[in-house]
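All remarks here apply to the structure that follows.
Protein chains in written order, with this note's numbering: chain Z, 31 to 147; chain F, 31 to 147; chain C, 31 to 147; chain B, 31 to 147.
As structure tokens, this is what we get:
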């Protein structure tokens, strides 16, 4: 495995596909299992913040910062692996979701309010 | 908001930053709150799979497939927004995590086994 | 189904067992699926708090309070159903866990600190 | 801390209240934080099942079984602590939820189907 920096999510998909194939892990990578693994990583991320105040959660000590970054990477890995299995283009899906949110939450109507619609 | 397709995560960061600024939502977007929002979306994703068999989770009906895609987008949105706030380069972090996993799980040692190390 | 108040977790186990049997839902109630359903309910609980400040989370408006209560009930239902399937006595397990925590976190050593051990 | 077995959830509430007070942990136990801690424990529970088949999730090896039990206890501890803070009677809430579910999912209509309503 070389150390070149990844260019985009498509390349990440390829890398994860190869990683799973080399280990015969495709059998475990059902969408059901991957979405479980994803939420487990999301919880490991949240765990770093669970007892912190809002202010503390912004100014993390370097060691916590590094662990948080690793958990965020794990979330992205499982999300990307799932996207590969289901044939989802994540940036396209994000684009569509932002447009839907823009219609649902017009800036002039929701300014300063976090109420869900 | 135009309809051009996003090119990369950096552009997504910019879009989400602007989206939050226009709505005065920065006050809610602490790392603590965003990691909560992220796990809530991860749960909405998992909910689609919770009673399905492994096989059913691969062959989703079109409507479920579209909802799953939207939930995956939500996970990416909050993950990217959090990355922007903490100054994390997600693809770099993913690269480092894959390399760490490659050392932790050498292919010839873990083939076909899902046991955590 | 009568409206008598439940006396204890054992009675809740019986009620849930009957509820599942009447609907032929035992086939879905594997420990794997139930622990997914449990975390989905835990997320619906968390969702009510995700954008709130600590102070706001204590003083909930009545409607939110009722919804929070219903989500807490859902967590208990799935936890109890899982306990029934795995033959776990939840209060015994809680007792053992509290004793372990008391050894791990002696009051005089950890006072006022939320650091995990 | 004596070793007597707990009789009910009310006693568990008292024990947890005392445990928090002795450690000056009330400051961390906001509903917002406790619901985060609860979902983190729910994820640690799910983690044991994430790569297992349905069948494997029923027949756990003894060591996994013990760990699963400890995670289930953690979920109950945080749920009970939250119930104490919000003044929720968990068994009452469970009773009400079962009755609502019975109306929403009449046995003769939903037999053998896991479709959400």
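The beta carbon of each residue, even a glycine, is placed where N, CA and C say it ideally should be.
Residues 108, 111, 112, 115 of the same chain have their beta carbon placed closer than 8 angstroms to that of residue 64 of chain B, with the five preceding and five following residues left out of the count. In terms of Cα proximity to residue 104 of chain C, the closest of B/100, B/129, B/91 is B/129. Excluding its 5 nearest sequence neighbours in each direction, residue 80 of chain Z has no C-beta neighbour in its own chain below 6 angstroms.
Residue 93 of chain C has its alpha-carbon roughly 33 angstroms from the corresponding atom of residue 51 of chain C. Taking the Cβ atoms as the reference, residue 42 of chain Z lies roughly 6 angstroms from residue 124 of chain F, within the contact range of under 8 angstroms.
CA-to-CA, the gap between residue 72 of chain C and residue 67 of chain Z works out to about 16 angstroms. A Cβ-Cβ distance of about 5 angstroms is found for the pair residue 70 of chain F and residue 77 of chain C, placing them in contact under the 8 angstroms criterion.
Scanning the stretch 44 to 131 of chain F for uninterrupted alpha helix (DSSP H) segments of 4 residues or longer gives 61 to 77, 84 to 88, 92 to 116, listed from N- to C-terminal end. Closer than 8 angstroms to the CB of residue 114 of chain F there is not a single CB belonging to chain Z. Residue-level contact check: residue 58 of chain Z touches chain B, since one or more beta carbons of chain B fall below 8 angstroms from its beta carbon. Less than 8 angstroms divides the Cβ of residue 137 of chain C from the Cβ of residue 53 of chain B. Boundaries of the alpha helix (DSSP H) harbouring residue 137 of chain C: 137 to 140, taken from the DSSP string.
With distances taken between CA atoms, residue 121 of chain C lies nearest to B/102 out of B/132, B/102, B/47. Here residue 133 of chain B is exposed: its Cβ has fewer than 16 other Cβ atoms, across all protein chains shown, within 10 Å. A check of alpha carbon separations from residue 142 of chain B across C/49, C/55, C/35 identifies C/55 as the nearest. In terms of beta-carbon proximity, residue 69 of chain F lines the interface with chain B, with at least one pair separated by less than 8 angstroms. In this structure, the straight-line span from the alpha carbon of residue 118 of chain Z to that of residue 126 of chain Z is close to 12 angstroms. The straight-line gap separating the alpha-carbon atoms of residue 146 of chain F and residue 60 of chain C is approximately 22 angstroms. Excluding sequence positions up to five before and after residue 37 of chain B, its CB lies less than 8 angstroms from no other CB in the same chain.
Looking only at B/82, B/58, B/135, B/75, the smallest Cα-Cα distance to residue 100 of chain B is reached by B/75. A straight line joining the alpha-carbon of residue 98 of chain F with that of residue 97 of chain B spans about 31 angstroms. For the stretch 63 to 88 of chain B, the set of residues with a beta-carbon nearer than 8 angstroms to any beta-carbon of chain Z comprises 63, 66, 67, 69, 70, 72, 73, 74, 76, 77, 79, 80, 81, in chain order.
Excluding five sequence positions before and after residue 39 of chain B, the CB atoms of its chain that fall closer than 8 angstroms to its own CB belong to 110, 113, 120, 121, given in chain order. Put simply, of C/90, C/89, C/95, C/62 the residue whose alpha carbon is nearest the alpha carbon of residue 86 of chain B is C/62.
The three-state reading of DSSP puts residue 134 of chain Z in helix, counting H, G and I together. Against chain B, a Cβ distance below 7 angstroms from residue 127 of chain C picks out 100, 103, 104, 107. Contact of residue 50 of chain B with chain C is not assigned, every C-beta pair being separated by 8 angstroms or more. Within its own chain, no residue has a Cβ closer than 7 angstroms to the Cβ of residue 91 of chain C once the five positions on either side in sequence are excluded. Using a Cβ-Cβ cut-off of 8 angstroms, residue 61 of chain Z counts as an interface residue toward chain F, since at least one Cβ of chain F sits closer than that to its own.
Taking 8 angstroms as the threshold, the shortest C-beta distance from residue 111 of chain B to chain C does not fall below it.
Rounded to the nearest angstrom, the gap between the Cα atoms of residue 106 of chain B and residue 35 of chain F is 46 angstroms.
Note on geometry: alpha-carbon atoms of residue 131 of chain B and residue 49 of chain C lie some 9 angstroms from one another.
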